[in-house]
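Going by our numbering, the first residue of the sequence shown is number 7, and it counts up by one from there. Ideal placement from N, C-alpha and C gives every residue a C-beta, glycine not left out. Heads up, the thing below is written out as structure tokens.
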Amino acid sequence: MSASRQSKDRLYEQVARIGKAVASPKRLELIELLCQCEKTVEQLATEAEISVKLVSAHLKELKSAQLVAARRDGTYMIYRLADAETADLWVALRSVAEGRLIELQSIMRELASRPHELAPMNGRDLLRDAKRGDVIVLDVRPEAEFRSAHIPHARSIPLPELRKRLGELPADRPVVAYCRGPFCFMAQEAVALLNKKGFRARSLETGVAEWRAAALPLKKGT
């Protein structure tokens, strides 16, 4: 085998490490969760509905491929994405899958039981309307995720608190709710509740990872 062939094999082998690291449904879900904000192992286990031991094993693989990083805070290990490119990788991978895989398209159609409640609005149009107050953008993710990054002019009302805080929303303006992205159903649940209570509500399919990948601005803090 020639030296050039050996070098090429080594190059492809290193790139394949990334493919191997993301070749797991649960690791992809962990990446999506970490697109929102840094989280402890325990938080990831709760949200992904798997054991702490299994989360730790998945995170070890992701860390080995330099896709996540960790820091210690007392007795807790807190994980985050290594950089924004990892979030972009998730968005690109999911987008390719949605465009190529009929099975995935079928599942998405089944889940979109109320397609009229989706907001196909252009991101910059939404920002303009939200800034003018013509539409209320509602972030229904946990507050920590909102503080880490959110769509400008959005209001934070986590889904578990929404029913008790409906009075904070003006009833005379449409509401566009969003959560973690196309595979997250919190926004759909919020829209169903809002419409039942007399609001004009739709859900936004994209989350902060998709928003960032589209080169749209995000805001940190409250």
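Roughly how many angstroms lie between the CA atoms of I142 and L65, to the nearest whole one?
37 angstroms
Buried or exposed (CB count within 10 angstroms, at least 16 for buried), T81
Per the 10 Å Cβ criterion, exposed.
For H159, three-class secondary structure by DSSP:
coil
Do R179 and D140 count as a contact pair if the criterion is CB distance below 8 angstroms?
yes
With I108 as the anchor, note down where its alpha helix (DSSP H) starts and where it stops.
I108 to L117
One question on the structure: do G187 and G227 come within less than 8 angstroms of each other, judged by their Cβ atoms?
no
Please state the DSSP three-state secondary structure of K225.
strand
What number of angstroms, rounded off, separates the C-alpha of Q194 from the C-alpha of K202?
12 angstroms
Sub-8 angstroms separation of L39 and A63 beta-carbons
no
Taking all protein chains shown into account, do 16 or more other C-beta atoms lie within 10 angstroms of the C-beta of V61, making it buried, or fewer, making it exposed?
Residue burial is scored here from C-beta neighbours: V61 has at least 16 other C-beta atoms within 10 angstroms and is therefore classed as buried.
Assign S209 to buried or exposed, taking buried as 16 or more other Cβ atoms, counted over all protein chains shown, within 10 Å of its Cβ.
Buried, because 16 or more other Cβ atoms sit within 10 Å of the Cβ of S209.
Rounded Cβ spacing between A196 and A183 (contact assumed at less than 8 angstroms)
4 angstroms
G192 lies in the alpha helix (DSSP H); which residues open and close that run?
Checking the sequence, you will find Met at residue 192 rather than Gly. First-last of the alpha helix (DSSP H) with M192: M192 to K202.
Looking at C43 and E216, is the spacing between their C-beta atoms short of 8 angstroms?
Against a cut-off of 8 angstroms, the Cβ pair of C43 and E216 comes out as no contact.
Would K225 count as contacting chain C if we go by Cβ distances under 8 angstroms?
Absent from the structure is chain C; it holds one protein chain and no more.
Does the Cβ-Cβ distance between M192 and R153 come in under 8 angstroms?
no
Using 8 angstroms as the cut-off, can you tell me whether the segment 26-41 makes contact with the segment 94-108, which would need three or more C-beta pairs spanning the two stretches below that distance?
yes
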